[in-house]
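In what follows, a single structure is set out as structure tokens and then discussed.
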Amino acid sequence: MKRYIYEALKSLRGQTAFSMPGHKSKDIYDFDFRDDITEVVGADNLMEPEECILKSEEEIAKVYGVKRSYFITEGSTMALKIAITLLTKSKDTILVQRNSHKSIYNSAVQFDLNLEYISPKFDVEKQLLLGIETEELDKKLNENKSIKVVVLTSPNYYGMILNLKELSEVVHKHGCKLIVDEAHGGHLIFSRQSELSAVRYADVVVHSTHKTLPSLTGSSMLHINCEIEHGRVLKMMSLLMSSSPSYLSMLSSEFGVAYLENTGGFEKIEREVDNFKEHLREEVEFLEIKDNSIADMDILKLAFRTRGNSGLNVVNELALRYNIRLEMGDLYYALCILSVVDETEDFKNLENALKEISVGEYDYIDRDYKEISPKIVLSPKKAFESESEMVDIEEAVGRVSSSMVMLYPPGVPIVAYGEEFTEEVVRELKRYPKLSGVVESKVEVVK
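Throughout, our numbering is defined as the position within the sequence shown, counted from one, plus 60.
Here it is, written out as structure tokens:
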């Protein structure tokens with residue numbers, strides 16, 4: 061047979077990478093495929109750790125300052141599912157930041173949970189969702205006393221870090237548990253932004269070590285900071301995860317944490333970013349936000365606009381013409397995910413390319429667009445299990461979604477399970493040339 065995946069990935073070798081995974085395809089590992097084994101004598105067992113895996117998890121817990129840490133080899137999607145099921149029962153209501161990753165909505169389907177939303181503050185000028193205001197969180201928890209768990213995301217895809225100290229105080233004041241999807245922030249504890257990390261404040265934290273640490277794709281960590289029995293965590297891991305966890309994934313998470321603890325590198329990467337921005341002040345508008353709903357901007361996220369291009373166009377141009385890989389682009393912004401292994405030459409390649417493609421005026425930002433207010437009609441599980449049909453986007457107004465529609469990446473639903481396709485939603489969907497969940501201009505709705 062022809063090896064299509066191999067041929068495709070082979071053609072991408074040698075790209076300058078400003079996307080995850082955090083190892084950036086650089087030759088940094090002291091392990092290789094000889095270490096891809098299974099639960100043989102001397103290798104321990106992830107689901108019942110007693111030897112090397114347990115010792116490594118205990119060391120990582122010390123590094124992050126948490127009670128327990130667990131390797132998750134199926135990404136933060138799985139880590140979030142485990143986190144949520146550890147703290148909930150069927151039919152419970154959880155409060156979810158509306159711009160959460162799709163895995164949280166899928167968890168609501170899988171575990172039959174009811175969702176309440178808290179919407180981030182919306183910046184009309186920049187057309188971006190910002191952070192969560194403590195007053196709004198307090199109001200939500202006062203209005204619905206049935207909420208058991210709050211799920212927040214920090215930093216978000218664009219690098220906005222929440223004021224987790226204040227937000228956690230509100231959550232715990234109401235007797236709720238706090239889960240933070242810090243998939244993009246596994247590096248924070250090692251940086252000058254250490255005090256902003258969720259491990260300081262949340263009950264359960266999820267890290268994608270493959271995003272900003274030099275670890276393999278799909279590598280993740282689950283951190284426990286509250287009184288959850290060790291055996292219960294292992295039980296949920298065994299229930300939800302594959303019985304064949306990747307040792308290479310565990311090795312790479314261990315490597316990534318050790319690399320940042322022992323090597324650091326944040327002063328160097330900050331100098332690189334400062335120089336990069338200084339050289340491109342005329343050609344590029346960098347995303348810089350100061351707002352009371354966010355604590356800071358993540359130092360390993362670099363979002364920007366160029367003259368004459370949408371973010372989507374920038375991503376395509378750089379990939380096809382310059383062999384440079386960015387993480388994502390939207391209607392306005394392009395996004396780089398940085399890592400401490402990025403080098404001066406990488407930034408120089410990107411700088412030269414951006415100087416060439418940034419021509420003319422910045423694309424007009426449609427500031428008539430206002431924040432979407434999602435309308436929940438059915439529970440996620442009810443919507444998912446209902447009989448459905450495909451209808452044209454134009455005909456979807458007033459219908460209930462039985463799926464999710466989103467720009468991917470970042471994987472944040474524009475409309476989620478059980479929400480109504482309002483005129484606002486349909487208008488937003490029509491702005492994008494391609495969306496996950498839209499097939500030949502049709503979307504899936506409940507019959």
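Where is the CB? At the ideal position from N, CA and C, for every residue including glycine. These numbers were taken from a predicted model, which means no experiment stands behind them.
First through last residue of the beta strand (DSSP E) which encompasses residue i
i, result
"N174", "N174 to I178"
"S160", "Where S160 is concerned, there is no enclosing beta strand (DSSP E), given that its DSSP letter is neither H nor E."
"T366", "K361 to T366"
"T76", "T76 to F78"
"L395", "A394 to I397"
"D356", "I354 to M357"
"L212", "I207 to T213"
"L222", "M220 to L222"
"V505", "K502 to V506"
"L467", "V465 to L467"
Cβ-based neighbour list, residue i, same chain, cut-off 7 Å, excluding 5 preceding and 5 following
i, result
"T137", "S163"
"E345", "F364, R365 and Y422"
"L311", "F91 and D95"
"Y89", "F315"
"A134", "Reading the sequence as shown, one finds Glu at residue 134 and not Ala. Cβ neighbours of E134 beyond the five flanking positions: G278, M301 and S302."
"D356", "I221, Q253 and L256"
"R367", "E343, S418, V419, G420, E421 and Y422"
"G219", "M357, D358, K361 and A363"
Proximal residues to residue i (C-beta, below 6 Å), its chain only, five neighbours per side dropped
i, result
"C112", "D104"
"L510", "Residue 510 cannot be examined here, being either before or after the span of the chain that is shown, 61 to 507."
"E449", "K507"
"F326", "S251"
Assigned secondary structure, residue i (DSSP; H/G/I helix, E/B strand, else coil)
i, result
"G389", "strand"
"S448", "strand"
"T277", "coil"
"Y422", "strand"
"K200", "helix"
"F250", "helix"
"M107", "coil"
"P440", "helix"
"V272", "Reading off the sequence shown, one finds Thr at residue 272, where the question assumed Val. Helix, per DSSP."
"V486", "helix"
"R491", "coil"
"V400", "coil"
"R427", "coil"
"T98", "coil"
"L340", "coil"
Nearest candidate by alpha-carbon position, reference residue i, set the options
i, options, result
"G316", "M296, S399 and K350", "S399"
"R381", "T76, Y66 and M61", "T76"
"I132", "G74, S303 and R73", "S303"
"L248", "S461, K361 and V503", "K361"
"G291", "S433, E110, P473 and Y477", "E110"
"V333", "K350, E405 and L201", "E405"
"A121", "G368, E411 and V264", "V264"
"I178", "M61, N202 and Q170", "N202"
"D358", "P305, A476, K86 and N216", "N216"
"K237", "V184, V437, I354 and S206", "S206"
"S462", "N204, L410 and K442", "K442"
"E185", "D351, H267 and S116", "D351"
"H270", "P493, T323 and S309", "S309"
"V259", "T272, C286 and K141", "C286"
"F481", "S496, V472, G471 and V503", "V503"
Beta-carbon contacts of residue i that lie in its chain and below 8 Å, excluding the five residues immediately before and after
i, result
"L386", "F78, S79, V374, V375, L378, A379, A394, L395 and C396"
"E338", "none"
"Q187", "L391, Y392, I425, D426, R427 and Y429"
"I97", "A103 and Y307"
"F182", "L188, L189, L190, K430 and E431"
"P469", "Y217, E387 and M388"
Burial state of residue i (16 or more Cβ within 10 Å)
i, result
"T93", "Note that residue 93 is Phe in the sequence shown, not Thr. Counting Cβ neighbours within 10 Å, F93 comes out exposed, since fewer than 16 surround it."
"S298", "exposed"
"F407", "buried"
"A68", "exposed"
"G458", "exposed"
"G246", "buried"
"Y261", "buried"
"E348", "exposed"
"Y165", "buried"
"D452", "exposed"
"I65", "exposed"
First through last residue of the alpha helix (DSSP H) which encompasses residue i
i, result
"A139", "G135 to L147"
"A318", "Y307 to T323"
"C236", "Here C236 belongs to no alpha helix (DSSP H), and DSSP marks it neither H nor E."
"E69", "Per the sequence shown, the amino acid found at residue 69 is Leu instead of Glu. First-last of the alpha helix (DSSP H) with L69: Y64 to L72."
"K86", "From DSSP, K86 is part of no alpha helix (DSSP H); its letter is neither H nor E."
"I12", "The first residue shown for the chain is 61 and the last is 507, placing residue 12 beyond what the model contains."
"M296", "H290 to L300"
"R128", "It is not in any alpha helix (DSSP H) - R128 instead sits in the beta strand (DSSP E) that spans R128 to I132."
Any non-hydrogen atom of the ligand GTP closer than 7 Å to residue i Cβ
i, result
"K337", "The ligand GTP is not among the ligands present in this structure, which contains no ligands whatsoever."
Within-8 Å CB hit, residue i to chain C
i, result
"S439", "Among the chains of the structure shown, chain C does not appear; only one protein chain is present."
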